[in-house]
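Peer 1: Following our numbering, the numbering of the sequence shown begins with -19 at its first residue and continues without gaps. We put the CB at the ideal spot given by N, CA and C, even for glycine.
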Amino acid sequence: MAKTETLSIPLGFEAPHFVLPDAVSGQNKSLSELMGSKATVVVFMCNHCPYVTHIIAPMLQIARDFASLGVKFIAINSNDVVNYPQDSPENMKKWAEELNFPFPFLYDETQDVARLYQAACTPDFSVFDAQKKCVYRGQFDDSRPKGTIPATGKDLRYVLENILIERELPSYQIPSMGCNIKWKKA
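#1: Could you say if the stretch 108 to 115 and the stretch 31 to 38 meet the contact criterion of at least three C-beta pairs nearer than 8 Å?
#2: Between which two residues does the beta strand (DSSP E) harbouring Phe24 extend?
#3: In angstroms, rounded to a whole number, what distance separates the CA positions of Asn57 and Ala43?
#4: Counting Cβ pairs closer than 8 Å, one from the stretch 140 to 149 and one from the stretch 2 to 17, do we hit at least three?
#5: Just verifying my parser: in three-state terms, what is the DSSP assignment at Val109?
#6: Given a cut-off of 7 Å on the beta-carbon distance, is the pair Val51 and Ala19 in contact?
#7: Helix or strand or just coil, what does DSSP make of Ser(-10)?
#8: Buried or exposed: Ala99, going by 16 or more other Cβ atoms within 10 Å of its Cβ?
#9: Going by the beta-carbon positions, is the gap between Ile35 and Ala166 smaller than 7 Å?
#10: Please work out which residues of its chain come closer than 7 Å, Cβ to Cβ, to Pro38, disregarding the five sequence neighbours upstream and downstream, and give them in chain order.
#11: Report all residues from its chain with a CB closer than 8 Å to the CB of Gln7; omit the five preceding and five following residues, and keep chain order.
#12: Of all the beta strand (DSSP E) runs that stay within the bounds of the stretch 97 to 144, which reach a length of 3 or more residues?
#13: Around the Cβ of Val61, are there at least 16 other Cβ atoms within 10 angstroms (buried) or fewer (exposed)?
#14: Given that a residue counts as buried once 16 or more other Cβ atoms are within 10 Å of its Cβ, and exposed if not, what is Tyr97?
#15: Output needed for Lys(-17): all residues of its chain with C-beta closer than 7 Å, excluding positions within five of it in sequence on either side, in chain order.
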């Protein structure tokens, strides 16, 4: 596990299109069918990362809290499952069903979608507005595994609340931090 931060890239880029299989339903899902009417949170995550497991309960709660307000979450796993079999689609499905994910958990086998989004770590959050423009690439909150700060999702919640009331977001954003995406060997 190499501690890695979200890549700092200019905000305002358009959400890249994708079609990926949902580990739970087995059906292919596209970005356009999954977008929220007000905002969309795209999070790159996986089953085994301690940074993800540390925040998963409050993240699920935030997804539930904002679902009826036009905010959708999309989770994508891009890890190399040959070397990290705990992140396999079968294990993704098991975990998503066990925790009753209120959003799709998509599998990016080729890792092309992670590259398009310039994802670097798990969790890696990008929030897009209704026009598919990225308005946030940052942390869930200040908590970290084995730290003393509880996971609440205050940073992500703040962003979503401000999008809903159409308040401008701060240009300075603290990058997310987590395990590096497990890239396949070329």
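Peer 2: In short:
#1: Note that the stretch 108 to 115 does not touch the stretch 31 to 38; fewer than 3 beta-carbon pairs, one per stretch, sit closer than 8 Å.
#2: Per DSSP, Phe24 belongs to the beta strand (DSSP E) from Ala19 to Phe24.
#3: If I take the Cα positions, the gap works out to 17 Å.
#4: Contact between the stretch 140 to 149 and the stretch 2 to 17 is absent: fewer than 3 CB-CB pairs across the two stretches fall below 8 Å.
#5: The question names Val, but residue 109 in the sequence shown is Asp. Asp109 carries a strand assignment under DSSP once its states are collapsed to helix, strand and coil.
#6: Cβ atoms of Val51 and Ala19: closer than 7 Å.
#7: A small correction: the amino acid at residue -10 is Pro; Ser does not occupy that position in the sequence shown. Under the three-state reduction of DSSP output, Pro(-10) falls in the coil class, being neither helix nor strand.
#8: Buried: at least 16 other Cβ atoms inside 10 Å.
#9: No. Outside cutoff.
#10: Listed in chain order, the non-local C-beta contacts of Pro38 below 7 Å within the same chain comprise Ala131, Thr132 and Gly133, local neighbours out to five positions each way being set aside.
#11: Taken in chain order, the residues that qualify are Pro1.
#12: For the stretch 97 to 144, the continuous beta strand (DSSP E) assignments of 3+ residues that do not extend past its boundaries occur at 104 to 109 and 114 to 116, in sequence order.
#13: The residue is buried, with at least 16 neighbouring Cβ atoms inside 10 Å.
#14: With 16 or more Cβ atoms within 10 Å of its Cβ, Tyr97 is classed as buried.
#15: So the list reads Met157, once near-sequence residues are dropped.
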